[in-house]
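A.B. asks:
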Amino acid sequence: SSQYPDHRPLFSFASHSRVPAGFRPPPRRVVVTGGAGFVGSHLVDRLLEQGDSVIVVDNFFTGRKANVAHHLRNPRFELLRHDVVEPILLEVDRIYHLACPASPVHYKFLLTSTSEVYGDPLEHPQKESYWGHVNPIGTSPSVRSCYDEGKRTAETLTMDYHRGGGVEVRIARIFNTYGPRMCLDDGRVVSNFVAQALRKQPMTVYGDGKQTRSFQFVSDLVAGLMALMESDHIGPFNLGNPGEFTMLELAQVVKETIDPMATIEFKPNTADDPHMRKPDITKAKQLLHWEPKVPLREGLPLMVTDFRQRILDE
Ligand code: UDP
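All letters in the sequence shown, in the order written, are residues 70 to 383 by the UniProt record's numbering.
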């Protein structure tokens, strides 16, 4: 059906689990920092569904209670308003760290890093072995070198805790991701174009629109994060969809999906905007047996259903 069921999985996870039929593992206690956010809330859906007990730690700066409201009556679900820069004592088996600020913690720890560690890349597509091309004092992209460098430092700290403290760690480098529950006013290109087309406003293309990005649907990312967590590999792993689009091509897909009358307008681009970005996912395919399944033309309508409803509710 065209209706996106908010509380149900977007696809079956069975192919990843490799567990004999009838076998029930003991429930795991899992913390998801940023679990009320866009990606975190989808991950929480999957973890609860596979039987885990889940504690969401979120300060609601960008996360929304509405994203996890459908779990509030579930006895295996707990929601804590807490900023992860403050220490918190929780006994758990797994930590998925999706909240942006980094914090040192124990047990198996998965850091969600970013494709922006590659900066404005001189290698295309980007392999995990590429060290990146980031301007540390600059504006790459927009005024966000703090984000790129913050995530690079988080990778360093994660590896230091692994090597020095023996913490079992995992590092994912997440490429551009879209889907239901994304912030309407996030300023990201997919959310902007979709919201603009639904509101009958022109889609704002920055620069000449020939820069590229590769867009991954959120259910593919969640499957990748879970496969990485349960694998025997530290990473880093690129998690992204290699399907590469210029911003003009993206605008065309949004137009075909939402409104054939949609228009575009050009706006100046931000300084140091990466010209191209596309993950090489050979490593994740080989070692995690993971690859994305949802192409842009299939994922976009699922996001549009959610955005249409939320824009109507405004
Ligand atoms: N972009 C655009 N119009 C918008 C928002 C973004 O053309 O309304 C462009 C932006 O210049 C960049 C690309 O889309 O080249 C992706 O931007 P986004 O902020 O979504 O992701 P990131 O730059 O972090 O990959």
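The C-beta atom is built at its ideal place from N, Cα and C for all residues, glycine as well.
Can you check DSSP and say which residues form a bridge with Thr102?
C.D. replies: Per DSSP, Val126 and His166.
A.B. asks: Relative to the alpha-carbon of Pro337, which residue among Thr102, Glu318 and Gln280 has its alpha-carbon at the smallest distance?
C.D. replies: That would be Gln280, whose Cα lies nearest to the Cα of Pro337.
A.B. asks: Rounded to the nearest angstrom, what separates Thr131 and Gly106 at their Cα positions?
C.D. replies: Taking the straight line from one Cα to the other gives about 7 Å.
A.B. asks: Among the candidates Ser182, His139, Lys220 and Lys177, whose CA atom is the shortest distance from the CA of Arg98?
C.D. replies: The shortest Cα separation from Arg98 among Ser182, His139, Lys220 and Lys177 belongs to Lys177.
A.B. asks: When the distance is taken between beta carbons, is Gly368 closer than 8 Å to Gly248?
C.D. replies: Closer than 8 Å, so yes.
A.B. asks: Considering just the uninterrupted stretch of the alpha helix (DSSP H) at Ile327, what are its terminal residues?
C.D. replies: Element bounds for Ile327: Met316 to Ile327.
A.B. asks: What are the start and end residues of the alpha helix (DSSP H) that includes Lys352?
C.D. replies: Per DSSP, Lys352 belongs to the alpha helix (DSSP H) from Thr351 to Leu357.
A.B. asks: Got a sec, what are the start and stop residues for the alpha helix (DSSP H) Lys220 sits in?
C.D. replies: Where Lys220 is concerned, the enclosing alpha helix (DSSP H) stretches over Ser214 to Gly234.
A.B. asks: In angstroms with no decimal places, state the Cα-to-Cα distance between Tyr275 and Thr339.
C.D. replies: Whole-angstrom Cα-Cα distance: 8 Å.
A.B. asks: Any heavy atom of the ligand UDP inside 7 Å of the beta-carbon of Val274?
C.D. replies: True, at least one ligand heavy atom lies under 7 Å from that Cβ.
A.B. asks: Provide the residue span of the alpha helix (DSSP H) that contains Met295, from first to last.
C.D. replies: Val287 to Glu299 is the span of the alpha helix (DSSP H), which, as asked, contains Met295.
A.B. asks: Hey, could you find the ends of the beta strand (DSSP E) Glu147 is sitting in?
C.D. replies: Phe146 to Arg150 is the extent of the beta strand (DSSP E) around Glu147.
A.B. asks: In the structure shown, what three-state DSSP assignment does Gln378 receive?
C.D. replies: Helix at Gln378.
A.B. asks: When you compare the CB positions of Gly304 and Arg239, do they come within less than 8 Å of one another, or not?
C.D. replies: Contact flag set, yes.
A.B. asks: Report yes if the C-beta of Glu185 is less than 7 Å from at least one heavy atom of the ligand UDP; otherwise report no.
C.D. replies: Yes.
A.B. asks: Indicate the three-state DSSP secondary structure (helix, strand or coil) for Leu158 in the structure shown.
C.D. replies: Leu158: coil per DSSP, three-state reduction.
A.B. asks: Count the other CB atoms within 10 Å of the CB of Pro364; is the residue buried (16 or more) or exposed (fewer)?
C.D. replies: Counting Cβ neighbours within 10 Å, Pro364 comes out exposed, since fewer than 16 surround it.
A.B. asks: How about Phe262 and Ala320: do their beta carbons lie closer than 8 Å?
C.D. replies: Closer than 8 Å, so yes.
A.B. asks: If we count the other Cβ atoms within 10 Å of its Cβ and call it buried at 16 or more, is Lys347 buried or exposed?
C.D. replies: Its Cβ being crowded by 16 or more others within 10 Å, Lys347 is buried.
A.B. asks: From Leu116, Pro190, Gly278 and Pro361, pick the residue whose C-alpha is nearest to that of Leu317; which is it?
C.D. replies: Minimum Cα distance to Leu317 is reached at Gly278.
A.B. asks: Would you mind reading off the limits of the beta strand (DSSP E) that contains Ala241?
C.D. replies: Counting along the chain, the beta strand (DSSP E) containing Ala241 begins and ends at Val238 to Ile243.
A.B. asks: Should Arg250 be counted as a contact of the ligand UDP given a C-beta to heavy atom distance under 7 Å?
C.D. replies: It does not: the Cβ of Arg250 is nowhere closer than 7 Å to a heavy atom of the ligand UDP.
A.B. asks: Can you pull the DSSP bridge partners for Ile333?
C.D. replies: Answer by DSSP bridge pairing, in chain order: Met272.
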